[in-house]
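J.:
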Amino acid sequence: MIRAKLLTGSFILLCLFYFTGCSQEDSARKVDLNKTEELTYHVIESSEIKIGLVPEQDIRNMASRYEPLAGYLGKKLNLKVALIYLDNYGEVCDKFRNRQLDAAFFGSFAYAVTHAKSKVEPIARPDYSGISTYRGLIIVRKDSNIKNVTDMKNKRLALVHRATYAGYLYPLYYFKQHNVPDLEAFFSKVIFSGSHDKAIIAVLNGQADIALPKDLVYQRMVKENPDLESKLTVLSFSGPVPSNTFCVRNDLDSGLMKKLRNILLNLQNDREAGPVLASLGATSFIETSDKDYSNLYETIKALDIDLNVYPYYERSDMGFKNN
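Every position in the sequence shown, counted from 1, becomes a number in our numbering once 53 is added.
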């Protein structure tokens with residue numbers, strides 16, 4: 054009897070070991086990175102859509118601006134809408150390449166890089182009372198005595214991130230046009246602030262002498278703190294590029310993509326969407342395509358940047374000698 058029990062127990066353990074091994078082998082096969090064609094990704098099946106947000110401002114401001122939209126989209130689509138607050142601008146590209154996002158609000162250069170690497174599709178962008186583009190700014194303190202590029206020699210420069218137009222691409226282009234091909238050699242210090250508002254704050258707090266934020270963030274901060282205008286001055290600005298375009302994976306379910314486009318383009322016609330637009334500071338959304346980025350692509354071409362190999366994320370603090 055004892056022997057029978059022992060044999061029975063051994064048999065059970067053997068079965069558990071066998072089936073557990075099969076389960077683990079099956080699990081490993083499902084995540085085999087060499088067999089990506091076997092992995093399918095259906096937002097509708099998971100009843101959730103993940104929308105990425107780049108760190109244009111601090112997370113509290115971002116949440117107050119975008120959470121009403123997430124709630125509205127969730128109600129209209131009958132899906133859970135999760136906002137994913139990204140740590141930096143380069144992360145949005147990684148998230149799309151790894152299929153961890155379904156959509157995102159993009160800065161223009163982050164869009165161009167991600168479009169080249171993982172083929173996202175622009176749908177719509179907010180219109181702020183007739184303004185749907187933004188410009189890069191060069192700002193300094195009014196009491197700094199900095200009037201031109203010559204005055205900037207050996208000063209401290211605050212950029213934002215390598216995957217931003219206003220906070221990196223435009224500065225490279227601007228200074229190249231003014232015979233400054235190597236920023237590290239020209240400035241005493243170059244820092245990456247991580248967000249546009251932090252670049253502005255760096256100048257206000259004396260941590261930097263020059264900053265290059267986007268104008269919409271600067272204007273938003275001035276509106277919230279009117280005295281900033283008496284402390285800062287704008288020396289130059291870039292050409293216009295699309296602002297905060299909502300883009301989706303180009304392999305997203307076509308029906309869902311169409312619904313998202315229709316909802317965004319008709320927000321101004323729905324009374325229920327009033328608070329959503331108000332929180333964004335927008336009056337409507339307008340249709341957007343890759344053709345709207347012509348100014349951006351011209352700048353990229355002038356700087357001889359290959360988007361397919363651009364080190365947008367892995368080396369965010371590298372120098373600029375080869376740019």
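For every residue, glycine included, the Cβ atom is placed at its ideal position computed from N, Cα and C.
(1) Look at the alpha carbon of Leu154 and the alpha carbon of Asn141, and state the distance between them as a whole number of angstroms.
(2) For Tyr138, I'd like the list of residues in its chain whose CB is within less than 7 Å of its CB, leaving aside the five on either flank, ordered along the chain.
(3) In whole angstroms, what separates the C-alpha of Leu324 from that of Glu340?
(4) Please classify Gly220 as buried or exposed, where buried requires at least 16 neighbouring CB atoms within 10 angstroms.
(5) Between the region 313–324 and the region 170–186, do three or more beta carbon pairs fall short of 8 Å?
(6) Under 8 Å Cβ to Cβ from Pro293, same chain only, skipping five residues before and after it: list those, please.
(7) How should Glu144 be labelled, buried or exposed, when 16 other C-beta atoms within 10 angstroms of its C-beta is the threshold for buried?
(8) Count the other CB atoms, across all protein chains shown, that sit within 10 Å of the CB of Ser283; report buried if there are 16 or more and exposed otherwise.
(9) Counting C-beta neighbours from all protein chains within 10 Å, is the total for Leu356 16 or more, i.e. buried, or is it exposed?
(10) Mind pulling the alpha helix (DSSP H) runs of 4 or more residues that sit fully within the region 189–238?
(11) Could you spell out the range, first to last residue, of the beta strand (DSSP E) harbouring Tyr138?
(12) Between the Cα of Asp306 and those of Ile358, Leu130, Thr217 and Phe159, spot the shortest distance and give me the residue it belongs to.
(13) Is the beta carbon of Thr217 closer than 8 Å to that of Phe290?
(14) Give a yes or no on whether the C-beta atoms belonging to Phe158 and Asn278 are separated by under 8 Å.
(15) For Glu340, write down the residues that DSSP places opposite it in a beta bridge.
(16) Give me, in chain order, the residues of the same chain whose beta-carbon lies closer than 8 Å to that of Val173; leave out the 5 immediate sequence neighbours on both sides.
(17) Under three-state DSSP, which class holds Ser283?
(18) Should Val256 and Leu285 be called a contact, given that it needs their Cβ atoms to be closer than 8 Å?
(19) What residue does the alpha helix (DSSP H) around Leu320 start on, and which one ends it?
(20) Whole angstroms are fine: how far does the CA of Leu132 sit from the CA of Ile263?
(21) Rounded to a whole number of angstroms, what is the C-alpha to C-alpha distance between Asn319 and Ser337?
(22) Take the Cβ of Met371 as the centre, count every other Cβ of all protein chains shown within 10 Å, and call the residue buried at 16 or more, exposed below.
(23) Less than 8 Å between the beta carbons of Glu120 and Val270, yes or no?
(24) With a Cβ-Cβ cutoff of 8 Å, do Arg209 and Ser241 count as a contact?
(25) Work out the CA separation of Pro328 and Arg118 for me, nearest whole Å.
(26) Which same chain residues, not among the five before or five after Ile30, have their C-beta less than 6 Å away from its C-beta?
T.: A quick look at the data gives this:
(1) 15 Å
(2) So the qualifying residues of the chain are Leu106, Ile112 and Met115.
(3) At residue 324 the sequence reads Arg, which differs from the Leu that was named. Whole-angstrom Cα-Cα distance: 20 Å.
(4) Counting Cβ neighbours within 10 Å, Gly220 comes out buried, since at least 16 surround it.
(5) Taking a cut-off of 8 Å for Cβ pairs, the region 313–324 and the region 170–186 touch, as three or more such pairs fall below it.
(6) Thr186, Tyr187, Arg188 and Asn348
(7) buried
(8) exposed
(9) Exposed, by the Cβ-count rule.
(10) 223–230
(11) Lys133 to Tyr138
(12) Out of Ile358, Leu130, Thr217 and Phe159, the CA that lies nearest to the CA of Asp306 is found in Leu130.
(13) no
(14) no
(15) Note: Glu340 sits in a beta bridge opposite Ala177.
(16) Phe149, Ala157, Phe159, Tyr164, Thr167, Cys300, Val301, Arg302 and Asn303
(17) Here Ser283 sits in helix by DSSP.
(18) yes
(19) Segment: none, Leu320 is in no alpha helix (DSSP H) and carries neither H nor E.
(20) 44 Å
(21) 8 Å
(22) A caution first: Met371 carries a pLDDT of 37, below 50, which makes its placement in the model too unreliable to give a value.
(23) No. Outside cutoff.
(24) yes
(25) 10 Å
(26) Any answer about residue 30 is impossible in this case: the structure gives the chain only from 54 up to 376.
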